[in-house]
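Trainee:
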Amino acid sequence: MIHITCLNKFFGQHHVLKNIDLTIEQGKVFVIIGPSGSGKSTLLRCINYLETYSDGEITIDGKPMGRKLIKGQSVEIPASELNQARQDVGMVFQSFNLFPHKTVLQNITMAPQSLKGMSAAEAEALAMQLLKKVGLEEKAHVLPYNLSGGQKQRVAIARALAMQPKVMLFDEPTSALDPEMVGEVLQVMKQLAKEGMTMVIVTHEMRFAKDAADQVLVLDNGIIIERDKPDKIFVNPTHPRTKEFLSKVLEN
Amino acid sequence: MIHITCLNKFFGQHHVLKNIDLTIEQGKVFVIIGPSGSGKSTLLRCINYLETYSDGEITIDGKPMGRKLIKGQSVEIPASELNQARQDVGMVFQSFNLFPHKTVLQNITMAPQSLKGMSAAEAEALAMQLLKKVGLEEKAHVLPYNLSGGQKQRVAIARALAMQPKVMLFDEPTSALDPEMVGEVLQVMKQLAKEGMTMVIVTHEMRFAKDAADQVLVLDNGIIIERDKPDKIFVNPTHPRTKEFLSKVLEN
Amino acid sequence: MAFDFSVIFLGQNVHFLLYGLLSTIFFSVSSFALSLLIGTVIAFGQLSSVTIYRAFSLAYLSWFRATPLLVQLFMLYYGLPLVLHVDTVAWISGIIALGMYSGSYSSQIIRGAIQSIDRGQMEAGRSLGFSYPQTMRKIIIPQAFLRMLAPLTNEFISLTKNSSLLSTITVVELFRQANILIADTYRTMEFLVAIAVLYYLFNNLIGYVGMALETRFRTGGELQ
Amino acid sequence: MAFDFSVIFLGQNVHFLLYGLLSTIFFSVSSFALSLLIGTVIAFGQLSSVTIYRAFSLAYLSWFRATPLLVQLFMLYYGLPLVLHVDTVAWISGIIALGMYSGSYSSQIIRGAIQSIDRGQMEAGRSLGFSYPQTMRKIIIPQAFLRMLAPLTNEFISLTKNSSLLSTITVVELFRQANILIADTYRTMEFLVAIAVLYYLFNNLIGYVGMALETRFRTGGELQ
Amino acid sequence: GCSGGNAPTAKSDSVLAKIKKDQVLTVGTDATFKPFEYKNNGKYEGFDIDLIEAVAKELGANKVEYVDTEFKGLIPGLLAKKYDLVVSAMYITDERKQTINFSDTYFPGGLSIMIKNSNTAVKGINDLKGKKVSVQIGTKSAKYLEEKYKDIILVKVETNNDMFMELETGKVDAVVTGLPAAKTYAKAKGTVKVLPETLTEEFYGYGLRKDDAELAKAVNAALKKVKDNGTYDQIVKKWFE
Ligand SMILES: Nc1ncnc2c1ncn2[C@@H]1O[C@H](COP(=O)(O)OP(=O)(O)OP(=O)(O)O)[C@@H](O)[C@H]1O
Ligand SMILES: Nc1ncnc2c1ncn2[C@@H]1O[C@H](COP(=O)(O)OP(=O)(O)OP(=O)(O)O)[C@@H](O)[C@H]1O
Ligand SMILES: NC(=O)CC[C@H](N)C(=O)O
Ligand SMILES: [Mg+2]
Ligand SMILES: [Mg+2]
């Protein structure tokens, strides 16, 4: 499904991702964990080329996202191809990034209407259904400013789902969600996985990783130091850095 | 320590806090939990009068914060008195609200220098010590934009601590923190409690509430429906809404 | 020495001034429309990664913003016939010159507002699959619009007054009408006050609309 | 008809124009300083909860922004002596009138930028114990400053050109010098181009400084 | 009428007294009107300049100070007492007389027609029917043509110089303006000519405040002396022959 080949990312002199090779299978839930600053967000953002990189290739369902390797040379794909490809990848940000000038409903209907040619009625029906899923039907017509942090993130998830993407990327999706809703959102996410959705999730909630992940990746200092089923990683990690990280995290 | 008397808060017609009476004792950690929209953030923000209300009184160490009751009438205190009183109350926001035009160090030194008359050297020494506490010494001279979400929140906590307040208010302080740091921050907070600091914390992390709280308040629909030791609340809640809420929250 | 404002209402004078006002309104509104168009083109040029477009925009800005409108007017209206032997029509030259001049100012207002939007907005738009121009049009510009409103209102009001320079290229407008009446009657202060009142009314109408739009487009997250 | 730019360099002409340029620079810089001061006072007046201060600010804005500078200049310089029998000095009246006029525009730029700042910033400042004015001064205005820069640069450049109206109240400045030379030599286009070049140089210096300040004050969170 | 102020006569006397005392006459002028008043290398020159210097001497002032401003600022400046009188090739008209006072006329001007050298079709005012003619707003030429020759298309501009621009760029067929200014321009440029026929007579005078009756009297007396002692003829000769 997602193939990452020889990905390198620099911020100036700072080598943030180092020769990442990774294959993520379809319909699975991948959780990325690791210390702060290890490059989790950066890796996730590279997947839909929001973070540009100069070296490597990432493909989704065979289609390149951002760059492709031609005879070992990494070249950028045309903008239109990238925009098309991004429609298949939903993204949920740590800082929500709702559109403040649009109502909750409009935040959700905008993209499907403009990009998938859905009628207003169709898009609204879909949006209402998604708002119901995240428990916010009654907020359909307010501006984002009037929502609490948790509510904002739920709208952001609904907005991404509205494009009916093949892959969903989450950068700490539940860190701002209130616990009553975490269960429901997980439900939604599991449902999506069943329907064939591939999900890549950066999170600090180890409990969630244990429960929901098919695979856990441990990133440290720009390198994938471990990748396995959650029970393996959490019960019997091989890498000493993983042990150290997990002991700190699980201590409280 | 904190006395809340007959507090009522409306947003337009919407009655968000209903006749709240509450006493919070010195040196204790108070955790407020409750469903989304129940008024937790609003209550917290009323304590330092960031959210104005028209009816009731809140005092800290006997000093009124925002309004005081004179012969049963709630009247606003002068601005200068309010500003002075606020220096004793630190606040940490869900959305960080770091000052984007100042470096991390300046974010922290600004208030103590201007308001407590600390010298630049003193303020910087204090700031570096606090940055060390939250594990961010090496970020002292960068602008907030370059920090991850977790890093931002840790700076925000350091900024509030720099005023050496008597009370600290936290609106979901750990929801954006990375787990490696949660332990350290809790450490800092427990240390502060020992030094006589009173803390009021809105959080969705039940684990933290169980471990760290002296008292847990359950807010529902603008009313405190329950207040007790955490083992009581989590093990043996009396109010049916508490049970319902906790079962949902703890299910995942 | 006292003033005698009754002179304003003598003969055809009021009618004469109102005709000037209508003309001023016509020229200001048309050139402001042109100004917004040009301003947008130049603003995006300045942000563009296409070198030639960016260079053109900077050159445009540096000439049209920095030199006096009167010089630009003269060059267009008198200079073109002298140099290229083409004929120029006064009122059309006037609208074009005003629009091009004001466009250079609008471009900086538009660019400044766009650049001040949080970059998370662009990321959110792009990650949904919107192209760069789509994200600009649907997400960034509508938010930047609010931040443009106060300075664009300034620019529009300023333009109504700059349009008085059109009288130097024979166009009839409000200030010119007053000058004619003044040259006739030597009631300088009286007629200046009279047109000040007319400008006042029209420009405060613009100011009011600008302020109403600001209120209308607030999202609640702003300071006030 | 041919142009002959050598006339610019005849006799004292260059010296004469440069003197005008220095005068224009002096008047623009002084009045811009005054404009920023007045702009700040009026901007805060508009945001103030003190009714009389707010009303004064709105009245100020509605008069000084909406009426022609020439009228304001005449009222100050010629009107005051006529009505109040006080004496007025041309160059001082000029700076005051220009500053008051431009201040009304600056006020809207300042107000708009302040209002666009995230309200979380005010809450964070107040909760640390800063008073409202302190929070404004230390936290809000420095951030708003970046958003003001593009339109304030516009306003400054616009002011250098508006200062040419000072010639109507006997003040020597660049444009007047050109008109005097034109009257003597009839070389209209040549001298207009000459002063256009001088305005170009000075105003693009302002533009450059404005742009450099923008780059300097970016925090990284903005779109570009 | 605008008789308002009723400034005490003591004040008007004081203007004359002040001139005598300081030996300085302060004059408002718009120095962009060759050959009456203009600046050459920073120095004021022209017919008006030479004449007022002579008049000033008779008034007891050995120095004339000029305040240069745009034409539209001259009358307000006079009323605001920024200078003692206006010397700026100003026509004496009834409208202006309602606001200010004039000295006796010191020179007759007349309206004339200026056309391009290449133009041989226009020989007089009657050939301008249906043609475009540029005039300066508020001047006698504008009024005169408007009333007498309704079939001429008037293009009104702000300044003298704008009229010349209109003609040079072919936007108008002719310019109707004061003879001296037209002649000076034609001589300097060589691309245009002034037709011999003049259309009307105008009279130039100094502008004075209405309250300064004493000064007006003194100026008229001084003018008369300058005319009588031959200085006037010399100046006329210098500038117009
Ligand atoms: N725009 C940027 N410019 C420069 N450096 C950056 C930028 N964004 C991230 N970095 C740096 O790259 C490294 C990886 O950052 P990243 O945000 O991917 O970490 P993370 O694992 O997501 O951390 P966290 O758990 O705190 O969110 C960090 O050292 C960070 O400081
Ligand atoms: N500025 C506001 N204007 C109008 N209504 C508001 C405003 N702020 C909050 N509310 C409403 O007041 C109620 C309480 O909001 P509050 O933010 O206190 O809830 P909360 O318990 O903190 O929720 P969460 O857990 O989602 O943060 C909600 O219904 C909310 O929609
Ligand atoms: N200086 C001038 O422009 C002279 C104007 C003209 N002679 C008049 O009196 O109106
Ligand atoms: Mg991250
Ligand atoms: Mg909340």
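Those protein sequence lines, which keep their order, are chains E, P, V, D and U. Read in order, the letters of the first sequence correspond to residues -6 to 245 in my numbering. Read in order, the letters of the second sequence correspond to residues -6 to 245 in my numbering. Read in order, the letters of the third sequence correspond to residues 1245 to 1468 in my numbering. Read in order, the letters of the fourth sequence correspond to residues 1245 to 1468 in my numbering. Read in order, the letters of the fifth sequence correspond to residues 5 to 245 in my numbering. We put the CB at the ideal spot given by N, CA and C, even for glycine. Just so it is clear, the structure is predicted and the values come from calculations on it, not from any experiment.
1) I need the DSSP call for valine 1453 of chain D, collapsed to helix, strand or coil.
2) Examine chain V for any beta-carbon lying closer than 8 Å to the beta-carbon of tyrosine 46 of chain E, and answer yes or no.
3) Any idea what DSSP makes of glycine 8 of chain U, helix, strand or coil?
4) Does the distance between the C-beta of histidine 134 of chain P and the nearest non-hydrogen atom of ligand 1 fall short of 7 Å?
5) When DSSP labels each residue in this structure, what does glutamate 1458 of chain V get in the three-state scheme?
6) Which residues, in order along the segment 54 to 68 of chain U, keep a beta-carbon less than 7 Å from a beta-carbon of chain V?
7) Going by DSSP, name the residue or residues bridged to asparagine 105 of chain U.
8) Shortest alpha-carbon distance to alanine 247 of chain E belongs to which of E/Lys222, E/Glu131, E/Ser107, E/Pro137?
9) Mind listing which residues of the segment 1395 to 1407 of chain D have their C-beta closer than 7 Å to chain U's C-betas, in chain order?
10) In chain order, what residues of the same chain lie with their CB nearer than 7 Å to the CB of arginine 234 of chain E, ignoring the 5 residues before and after it?
11) Could you check which residue in P/Phe86, P/Cys(-1), P/Ser29 has the C-alpha nearest to that of lysine 61 of chain P?
12) Kindly list the residues whose CB is nearer than 6 Å to the CB of serine 1337 of chain D, restricted to its own chain and excluding five residues on each side of it in sequence; keep chain order.
13) State yes or no: is the C-beta of lysine 33 of chain E nearer than 7 Å to some heavy atom of ligand 4?
14) Just confirm the distance between the C-beta atoms of asparagine 1 of chain E and aspartate 54 of chain E, as a whole number of angstroms; I'd bet it's less than 8 Å.
15) Could you name the residues of chain V that threonine 181 of chain U contacts, counting a contact when the two beta carbons are closer than 8 Å?
16) Please name the residue, chosen from P/Gly32, P/Lys241, P/Gln80, P/His8, that lies closest to glycine 1369 of chain D on a Cα-to-Cα basis.
17) Short of 8 Å Cβ to Cβ, which residues in the segment 98 to 110 of chain E face chain V?
18) Is it right to say threonine 35 of chain P is buried, meaning 16 or more other beta carbons lie within 10 angstroms of its own, or is it exposed?
19) Any idea what DSSP makes of threonine 13 of chain U, helix, strand or coil?
20) Within its chain, find whatever has a CB closer than 7 Å to the CB of valine 91 of chain P; leave out the 5 residues flanking it on each side and keep chain order.
21) Using the Cβ count rule (16 or more neighbours within 10 Å means buried), how would you classify isoleucine -3 of chain P?
22) Taking Cβ-Cβ distances shorter than 7 Å, what residues in chain D pair up with valine 176 of chain U?
23) Between which two residues does the beta strand (DSSP E) containing methionine 192 of chain E stretch?
24) For a test of your reading of the model: does the CB of alanine 30 of chain P fall under 7 Å from any non-hydrogen atom of ligand 2? Yes or no.
25) Under 8 Å between the Cβ atoms of phenylalanine 23 of chain E and isoleucine 194 of chain E?
26) So, does the CB of alanine 1341 of chain V fall closer than 8 Å to a CB anywhere in chain U?
27) Any heavy atom of ligand 1 within a distance shorter than 7 Å of the CB on phenylalanine 4 of chain E?
28) Taking 8 Å as the limit between beta carbons, can you name the residues of its chain near phenylalanine 1249 of chain V, skipping five residues before and five after?
29) With 16 as the cutoff for other CB atoms within 10 Å, does lysine 1405 of chain V come out buried or exposed?
30) Apply the 10 Å Cβ neighbour rule to leucine 1328 of chain V and answer buried if 16 or more other Cβ atoms are within range, or exposed otherwise.
31) Say whether chain V places a C-beta atom closer than 8 Å to the C-beta of glutamine 1359 of chain D.
32) Smallest Cα separation from phenylalanine 1288 of chain D: which of D/Phe1253, D/Leu1261, D/Ser1346, D/Gln1352?
33) Per the contact definition of three or more C-beta pairs closer than 8 Å, is the segment 1408 to 1426 of chain D in contact with the segment 1356 to 1365 of chain D?
34) Hey, is leucine 1457 of chain D's beta-carbon within less than 8 Å of any beta-carbon in chain P?
35) Using a Cβ cut-off of 9 Å, pull out every chain V residue sitting near aspartate 1331 of chain D, in sequence order please.
36) Given the structure, does aspartate 164 of chain P come close to ligand 5, in the sense that its CB is under 7 Å from one of the ligand's heavy atoms?
Mentor: According to the structure shown:
1) helix
2) no
3) Its pLDDT being 37, under 50, glycine 8 of chain U is placed unreliably by the model, and nothing is read from it.
4) No, Cβ of histidine 134 of chain P sits at least 7 Å from all heavy atoms of ligand 1.
5) helix
6) none
7) Listed as beta-bridge partners of asparagine 105 of chain U by DSSP are U/Leu212.
8) For residue 247 of chain E there is no data in the structure shown, the boundaries of chain E being -6 and 245.
9) none
10) Asp213, Ile218
11) Lysine 61 of chain P has its Cα closest to that of P/Cys(-1), out of P/Phe86, P/Cys(-1), P/Ser29.
12) Leu1320, Tyr1321
13) yes
14) Separation of the CB atoms of asparagine 1 of chain E and aspartate 54 of chain E is rounded to 23 Å, and the pair is thereby denied contact status at 8 Å.
15) Those within 8 Å of threonine 181 of chain U in chain V number zero; the least Cβ separation is about 14 Å.
16) The shortest Cα separation from glycine 1369 of chain D among P/Gly32, P/Lys241, P/Gln80, P/His8 belongs to P/Gln80.
17) Listed by position along the chain: Met103, Ala104, Ser107, Leu108.
18) buried
19) Annotation note: pLDDT 39 at threonine 13 of chain U (below 50); position unreliable, coordinate value reported separately. Reduced to three states, the DSSP call for threonine 13 of chain U is helix.
20) Strictly speaking, residue 91 of chain P in this sequence is leucine, with valine absent from that position. These residues qualify, in order along the chain: Asn100, Pro137, Lys145, Val148, Ala149.
21) buried
22) Chain D residues near valine 176 of chain U: none, gap ~15 Å exceeds 7 Å.
23) Taken as a continuous stretch (DSSP letters only), the beta strand (DSSP E) holding methionine 192 of chain E covers 191 to 195.
24) According to the sequence displayed, residue 30 of chain P carries glycine and not alanine. Yes, Cβ of glycine 30 of chain P sits closer than 7 Å to a heavy atom of ligand 2.
25) yes
26) no
27) yes
28) Cβ within range, chain order: Glu1434, Val1437, Ala1438.
29) With at least 16 other beta carbons inside 10 angstroms of its own, lysine 1405 of chain V counts as buried.
30) exposed
31) yes
32) D/Gln1352
33) No: fewer than three Cβ pairs fall under 8 Å.
34) no
35) The premise fails here: aspartate 1331 of chain D is roughly 15 Å from chain V at the closest Cβ pair, so nothing lies under 9 Å.
36) yes
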